[in-house]
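Just below is one structure, and these are the notes that go with it.
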Amino acid sequence: MKLWRRKPAVAPAANDPAPEAGAADRLLRRLEWTVIRRLDGLLQGDYRTLMRGTGLDLADLREYQMHDDVRHIDWNVTARQQVPHVRVFTEDREMAAWFVLDLSRSVDFGSGPKAKREISAGFVGVLARLLTRHGNRVGALVYGHDLEAVLPPRSSRTHVLRLLHEMGRRAHAAADAKAPHRGMTRLADMLQSAAGLMPRRSTVFVVSDFLTEPGWEKPLARLAQRHEVVAVRLFDPLERELPDLGLVPLADAETGEQVWVDTHDAAFRRRFARLAAEREEALREALANAGVDALELSTADDLVEAIVRFADMRRRRVRATGAPPRRAGELR
């Protein structure tokens, strides 16, 4: 009589990507059910305000009407017909979006149930899936301390899974306690290399907590001269204000430096809050001077509300400018 025994489970090899791939699939399925389905009802026609295409095609000419944009008047036709005529455009909806992802050690921080890295993965997964479902292409530049992966733009669910897999793989590498600390993030290097790897005009999402060495402002402004740039700033509420927790150790996630602080000291907490507020103001001013849209994404945020807030921001931008999207390669 034969005895059937269950074979012992074989532990995956260290370089086996299956666990992370499975985690990426579970994450995307959860986002599709809990976030994207809700957004389908909330955004609807507002999807066109989320993203703009790379150019315009001339569709028709018609007589000028009240409230038409005078910048669309075709002066040659107007001179021939002796009646003002305006150009009517259709927007080229196909576009490429790039995610410049800062996955350095500092994005592992989170004072609540979610870390900045998880919020980043959720935002990227939702937005990438929304774009690819409408035929657009998404690519990514994944950074830890250096450029670690380049994903050329593609437009499929499988490609979104690959993007989330790369983010998850980097998270496992960062969680390794034996991995050496390599100093502060160099966001300026990321932005400079991003400019060289994006040959055509695209929409670029710089997803970072902007805890970095100084000098990133000019590279960001140069990137925004050719591309439409959105800065997605990750933060945790504890980075702005400290509660009274007594004597606690604080560690710099990127350099490994540790220091003990007395949060019971009210004067220290006020000084911390003041310095944090000054840094916030300087960061917002730098982003505004670079000419980029900015979305603040907290670890305490609801992802649906954050995406809707982003859509409202884009809608206000379109209404404020009133101008059609620029053609590919056209500078500001």
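For the sequence shown, position 302 (counting from the first letter as 1) is numbered 292 according to my numbering, and the numbering increases by one without interruption.
Note that beta-carbon positions come from the ideal geometry of N, C-alpha and C, so glycine has one too.
I need the DSSP call for residue i, collapsed to helix, strand or coil.
| i | result |
| --- | --- |
| TRP206 | coil |
| LYS183 | Here residue 183 turns out to be Ser, not Lys, going by the sequence shown. Of the three classes helix, strand and coil, the one that applies to SER183 here is helix, per DSSP. |
| ALA284 | strand |
| GLY232 | In the sequence as presented, Gly is not what sits at residue 232; that position holds Leu. Three-state result, LEU232: coil. |
| PHE200 | coil |
| ALA272 | helix |
| MET303 | helix |
| ASP30 | helix |
| ASP15 | helix |
| THR175 | strand |
| THR323 | Missing from the structure shown is residue 323; the chain here goes from -9 to 322 and no further. |
| THR24 | helix |
| ARG52 | strand |
| THR68 | helix |
| PRO189 | coil |
| ALA243 | coil |
Contact defined as beta carbons within less than 8 Å: I believe residue i pairs with residue j. What is the distance between those atoms, to the nearest angstrom?
| i | j | result |
| --- | --- | --- |
| PHE200 | LEU120 | Not confirmed; about 24 Å, so no contact. |
| GLU244 | ALA266 | No, GLU244 and ALA266 are not in contact; Cβ-Cβ is about 18 Å, not under 8 Å. |
| ILE109 | LEU224 | 6 Å |
| GLU138 | THR175 | Not a contact, Cβ separation roughly 13 Å. |
| PRO227 | SER101 | 7 Å |
| ALA184 | VAL194 | 7 Å |
| ILE26 | VAL132 | Going by Cβ atoms, the distance from ILE26 to VAL132 rounds to 22 Å, so no, they are not a contact pair. |
| LEU91 | VAL197 | 5 Å |
| LEU93 | ARG160 | 4 Å |
| VAL140 | LEU187 | 6 Å |
Give me, in chain order, the residues of the same chain whose beta-carbon lies closer than 8 Å to that of residue i; leave out the 5 immediate sequence neighbours on both sides.
| i | result |
| --- | --- |
| LEU237 | TRP250, VAL251, ASP252, THR253 and HIS254 |
| LEU29 | VAL116, LEU120, VAL294, ILE297 and VAL298 |
| MET303 | ASP283 and LEU285 |
| HIS75 | LEU51, ARG52, GLU53, TYR54, ILE63, ASP64, VAL67 and THR68 |
With a CB to CB cut of under 6 Å and the five nearest residues on each side skipped, what residues in its chain are close to residue i?
| i | result |
| --- | --- |
| VAL282 | ALA214, VAL219 and ALA221 |
| PHE300 | LEU285 |
| SER96 | ASP199, LEU201, ALA243 and GLU244 |
| ARG261 | none |
| ALA241 | GLN248 |
| ARG147 | none |
| ALA86 | ARG127, PRO143 and SER192 |
| ALA263 | GLU231 |
Excluding five sequence neighbours on each side, which residues of the same chain lie with their C-beta closer than 7 Å to the C-beta of residue i?
| i | result |
| --- | --- |
| ALA280 | GLU207, LEU210, ALA211 and ALA214 |
| ARG77 | LEU48, LEU51, HIS62 and ASP64 |
| ALA111 | LEU17, LEU154 and MET157 |
| LEU287 | ILE109, PHE113, VAL222, ARG223, LEU224 and ALA296 |
| ARG306 | none |
| PHE99 | ALA105, LYS106, ASP226 and ALA243 |
| ALA13 | GLY158 |
If contact is defined by three or more beta carbon pairs under 8 Å, each pair taking one atom from either stretch, is the segment 111 to 129 in contact with the segment 60 to 73? no
Pairing CB atoms from the segment 147 to 156 with CB atoms from the segment 170 to 190, are three or more of them under 8 Å? no
Could you tell me which uninterrupted alpha helix (DSSP H) segments, each at least 4 residues in length, are contained entirely in the segment 72 to 155, listed from first to last along the chain? 106 to 123
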